[in-house]
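Participant:
Number of protein chains: 2
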Amino acid sequence: MIVVRTVADLRSALRDRRGGRIGLVPTMGALHEGHLSLVRAARARNDSVVMSIFVNPTQFNEQADLAAYPRTEESDVALAAEAGVDVVFAPDAAEMYPDGFATTVSVTGPVAETLEGAQRGRAHFDGVATVVTKLLLAALPDAAYFGAKDAQQVAVLRRLTADLNVPVELVVCPTSRDDDGLARSSRNARLSPDERARALAIPRALQAVTDAAASGIRDSRALRDRALDVLAEGMIALEYVAFVDPETFEPAAQVDRPTLVAIAARVGATRLIDNTVIDAGGA
Amino acid sequence: MIVVRTVADLRSALRDRRGGRIGLVPTMGALHEGHLSLVRAARARNDSVVMSIFVNPTQFNEQADLAAYPRTEESDVALAAEAGVDVVFAPDAAEMYPDGFATTVSVTGPVAETLEGAQRGRAHFDGVATVVTKLLLAALPDAAYFGAKDAQQVAVLRRLTADLNVPVELVVCPTSRDDDGLARSSRNARLSPDERARALAIPRALQAVTDAAASGIRDSRALRDRALDVLAEGMIALEYVAFVDPETFEPAAQVDRPTLVAIAARVGATRLIDNTVIDAGGA
Chain P
8 MIVVRTVADL RSALRDRRGG RIGLVPTMGA LHEGHLSLVR AARARNDSVV MSIFVNPTQF
68 NEQADLAAYP RTEESDVALA AEAGVDVVFA PDAAEMYPDG FATTVSVTGP VAETLEGAQR
128 GRAHFDGVAT VVTKLLLAAL PDAAYFGAKD AQQVAVLRRL TADLNVPVEL VVCPTSRDDD
188 GLARSSRNAR LSPDERARAL AIPRALQAVT DAAASGIRDS RALRDRALDV LAEGMIALEY
248 VAFVDPETFE PAAQVDRPTL VAIAARVGAT RLIDNTVIDA GGA
Chain G
8 MIVVRTVADL RSALRDRRGG RIGLVPTMGA LHEGHLSLVR AARARNDSVV MSIFVNPTQF
68 NEQADLAAYP RTEESDVALA AEAGVDVVFA PDAAEMYPDG FATTVSVTGP VAETLEGAQR
128 GRAHFDGVAT VVTKLLLAAL PDAAYFGAKD AQQVAVLRRL TADLNVPVEL VVCPTSRDDD
188 GLARSSRNAR LSPDERARAL AIPRALQAVT DAAASGIRDS RALRDRALDV LAEGMIALEY
248 VAFVDPETFE PAAQVDRPTL VAIAARVGAT RLIDNTVIDA GGA
């Protein structure tokens, strides 16, 4: 495995690999089992696997969150090598945003402006859209791998890759969860044992909604109430429980087709998100 | 030569050509000798030449200009074939901007916000940046060819292709001029004989500035006065005469390095632009 720091070196490293399929796993480092499951998915369907590691400053809406974001490159590189990554692309901010950088890729509409877009501000998804466009065009992979936990990010990226004719397949892998059900996130490392126990209300709330939908409840307000009951036990600062179309993020009043249930909450100082797709209509 | 209407068909048509170099000439049709000089430049350095023909509605700031823009696809296709184009990509607006389209590529700063960006509004270069990004990613050419007449557009596109890591070389070809000196433009067809004669004040003004700079004048206000004197003879509605850095479009008070002199004016109902680069410092 090689580690490259510049777009030029990345392209050189990939030149001889273009005869086969290339898979890209974009990450912000602080690798956990969730990232490694993306690498395994990429490994199974591609001849070469590239992982990018870049803590993208433009998508952080809080300087404290950016400053606290774990940076563990040495162990990340070791984990990537072990998981079968061929090329790690780990640029610094000056390589990605040199002096004079002045271009933004922006998606509008509910998919980018509601929920995470509303809570974190417009700049968040502009930052995500711009950096992922750069990563995709630097590596030109056949496929790029993302976790379902970041459902809205995936929907924004589906919109932008279709709209801009970016020649890539986006592959969404199931959310990786710890044994206790908590969605794996690099931010989980910041939770105290007590906070972690309270955070479990989030996956429990999603399960309660799934069960209620399976029992025949279609009204999303009624389903939301089930989630709120469970979340109340966690004493967490809820930001939203939303029922939306998984592609457009238009609100879904009735769960009569596949519907994304998305939750964002703060547990102590740590902001967590999680989601699931329910399909009561198809049951 | 084949004509394709969809991105999917364009990619199919180019699949077997990727072993060699591909050159792209983006146009809005209404082909004239200027476009054909771009095709010749592309032909000389590439194994395959693609021409796109698309009158992009999102870059027009005036509906009247869009409605009046000449559409001559049949003769364009014949001219393209004669000039050695291999593939014409002529999508309709629904192929480029399907329902739900929601993505914009935007460049900020003087390069996109002054002169044409100020006169035509922010949406103009957003429209250019977005459609050219789409065309580049649909065709993935090795090189794309533009005329120097659209100097600010080229500077915006240089910024965005560098910023977004679009893997393409931008090639700028000299402005093509009629025998009388007028820069070739599809919009020239709208000029009456009298308007055309008056429009010649624009290239004459650029020549006067070039001569004055060669004679040792460095102050751009003094050079600008020379241009204004000549333009006054044309009785045209001047929008701007500007002296700027050709890359950043920052204003240049002194011509002590290569400096772009850009003019925009209306002659009757027709808006014309032209420019030249002077380099008094190097003389």
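Protein chains in written order, with this note's numbering: chain P, 8 to 290; chain G, 8 to 290.
Even glycine gets a Cβ: it sits at the ideal position worked out from N, Cα and C.
Because the structure is a prediction, the values reported are computed rather than measured.
Please list, in chain order, all residues of the same chain as residue 238 of chain G whose beta carbon is under 6 Å from its beta carbon, the five residues on each side excluded.
Facilitator: The answer, listed in chain order, is 208, 212 and 245.
Participant: Contact defined as beta carbons within less than 8 Å: I believe residue 219 of chain G pairs with residue 122 of chain G. What is the distance between those atoms, to the nearest angstrom?
Facilitator: Between residue 122 of chain G and residue 219 of chain G the Cβ distance is about 21 Å, and since that is not below 8 Å, they are no contact.
Participant: Run through DSSP, which three-state label would residue 41 of chain G get?
Facilitator: Three-state result, residue 41 of chain G: helix.
Participant: When you compare each of G/65, G/262, G/192 and G/56 to residue 27 of chain G by their alpha carbons, which one comes out closest?
Facilitator: Selected option, being the one with the closest Cα: G/56.
Participant: Could you list the residues in the segment 162 to 192 of chain G with a C-beta less than 7 Å from some C-beta on chain P, going in chain order?
Facilitator: Under the 7 Å Cβ criterion, the segment 162 to 192 of chain G contributes 166, 167, 170, 171, 172, 173 and 174.
Participant: Can you check whether the C-beta of residue 145 of chain P is within less than 8 Å of a C-beta belonging to chain G?
Facilitator: For residue 145 of chain P, the answer is yes, since a Cβ of chain G falls inside 8 Å of its Cβ.
Participant: Thinking C-beta only, is residue 92 of chain G closer than 8 Å to residue 119 of chain G?
Facilitator: No, the pair does not count as a contact, with Cβ atoms beyond the cut-off.
Participant: Spell out the partners DSSP gives residue 58 of chain P in its beta bridges.
Facilitator: Partner(s): P/32 and P/95.
Participant: At the level of alpha carbons, what is the spacing between residue 72 of chain P and residue 81 of chain G?
Facilitator: In a straight line, the C-alpha of residue 72 of chain P is about 58 Å away from that of residue 81 of chain G.
Participant: Pull up the distance between the alpha-carbon of residue 98 of chain P and that of residue 11 of chain P, whole angstroms please.
Facilitator: Each residue's Cα considered, the two are about 7 Å apart.
Participant: With three or more beta-carbon pairs closer than 8 Å as the criterion, would you say the segment 100 to 115 of chain P touches the segment 153 to 171 of chain G?
Facilitator: Contact between the segment 100 to 115 of chain P and the segment 153 to 171 of chain G is present, because at least three Cβ pairs lie under 8 Å.
Participant: Output the distance between the C-alpha atoms of residue 157 of chain G and residue 148 of chain P, rounded to the nearest integer angstrom.
Facilitator: Taking the straight line from one Cα to the other gives about 33 Å.
Participant: Below 8 Å between beta carbons: does that hold for residue 159 of chain P and residue 269 of chain P?
Facilitator: Cβ atoms of residue 159 of chain P and residue 269 of chain P: closer than 8 Å.
Participant: Which residue's Cα is closest to the Cα of residue 15 of chain P: P/102, P/263 and P/52?
Facilitator: The option with the nearest alpha carbon to residue 15 of chain P is P/102.
Participant: If contacts are defined as beta-carbon pairs under 8 Å, then residue 29 of chain P and residue 146 of chain P qualify, I think. What distance do you get, rounded to the angstrom?
Facilitator: Correct: roughly 7 Å between the Cβ atoms.
Participant: Going along chain P in order, which residues have a C-beta closer than 8 Å to the C-beta of residue 141 of chain G?
Facilitator: The contacting residues are 170, 171 and 172.
Participant: Given this structure, state the Cα-to-Cα distance separating residue 290 of chain G from residue 217 of chain G, to the nearest angstrom.
Facilitator: Any reading at residue 290 of chain G is ruled out, since the residue's pLDDT is 43, under 50, leaving its predicted position unreliable.
Participant: Short of 6 Å in beta carbon distance, which residues of its chain neighbour residue 45 of chain P, apart from the five on each side in sequence? Order them along the chain.
Facilitator: Counting only Cβ-Cβ distances below 6 Å, and skipping sequence neighbours, we find 32, 152 and 180.
Participant: Can you say whether residue 135 of chain G is buried or exposed, counting buried as having 16 or more other CB atoms within 10 angstroms of its CB?
Facilitator: Result: buried.
Participant: Applying the 10 Å Cβ sphere with the 16-neighbour rule, what's the burial state of residue 200 of chain G?
Facilitator: Burial call: exposed.
Participant: Using three-state DSSP, classify residue 243 of chain P as helix, strand or coil.
Facilitator: Correct three-state label for residue 243 of chain P: coil.
Participant: Between residue 251 of chain P and the rest of its own chain, which residues show a CB-CB distance below 8 Å, the 5 nearest in sequence each way excluded?
Facilitator: Cβ neighbours of residue 251 of chain P beyond the five flanking positions: 117, 121, 122, 257, 258, 259, 266, 267 and 269.
Participant: Counting only C-beta atoms, is residue 108 of chain P closer than 8 Å to chain G at any point?
Facilitator: With 8 Å as the cut-off, residue 108 of chain P counts as an interface residue toward chain G.
Participant: Which stretch, first to last residue, makes up the beta strand (DSSP E) that contains residue 281 of chain P?
Facilitator: 277 to 285 is the span of the beta strand (DSSP E), which, as asked, contains residue 281 of chain P.
Participant: Keeping to the same chain, check which residues put their C-beta closer than 8 Å to that of residue 188 of chain P; ignore five residues upstream and five downstream.
Facilitator: If we look at residue 188 of chain P and ignore the five residues flanking it on each side, its Cβ neighbours are 207, 210, 211 and 214.
Participant: Give the single residue among G/76, G/20 and G/133 whose Cα lies nearest to the Cα of residue 276 of chain G.
Facilitator: Checking every option, the nearest Cα to that of residue 276 of chain G belongs to G/76.
Participant: Is the CB of residue 55 of chain P under 8 Å away from at least one CB in chain G?
Facilitator: Judged by the 8 Å Cβ criterion, residue 55 of chain P is not in contact with chain G.
Participant: Who are the near neighbours of residue 278 of chain P in its chain, counting only those whose CB is closer than 8 Å to its CB and skipping five residues on each side?
Facilitator: Excluding positions up to five away in sequence, the list reads 72, 194, 246, 271 and 272.
Participant: Tell me the rounded alpha-carbon separation between residue 182 of chain P and residue 18 of chain P.
Facilitator: Residue 182 of chain P and residue 18 of chain P: Cα-Cα distance of roughly 30 Å.
Participant: Kindly list, in the order they appear in chain P, the residues whose Cβ is closer than 7 Å to that of residue 116 of chain G.
Facilitator: 109, listed in chain order.
Participant: Straight-line CA distance for residue 128 of chain G to residue 48 of chain G?
Facilitator: Approximately 32 Å between the Cα atoms of the pair.
Participant: Check whether chain P comes within 8 Å of residue 216 of chain G, counting only Cβ atoms and requiring the distance to be less than that.
Facilitator: It does not; no Cβ of chain P falls within 8 Å.
Participant: Would the beta-carbon of residue 227 of chain P fall within 8 Å of that of residue 262 of chain P?
Facilitator: Taking 8 Å as the Cβ cut-off, residue 227 of chain P and residue 262 of chain P qualify as a contacting pair.
Participant: Measure the alpha-carbon distance for residue 225 of chain G versus residue 185 of chain G and round it to whole angstroms.
Facilitator: Straight-line Cα distance between these residues: approximately 29 Å.
Participant: Looking at chain G, is there any beta carbon in it that lies within less than 8 Å of the beta carbon of residue 95 of chain P?
Facilitator: Not closer than 8 Å to any Cβ of chain G, the Cβ of residue 95 of chain P fails to qualify, so no.
Participant: So residue 14 of chain G contacts chain P; which residues on that side make the cut at Cβ distance below 7 Å?
Facilitator: Within 7 Å Cβ-Cβ: 172.
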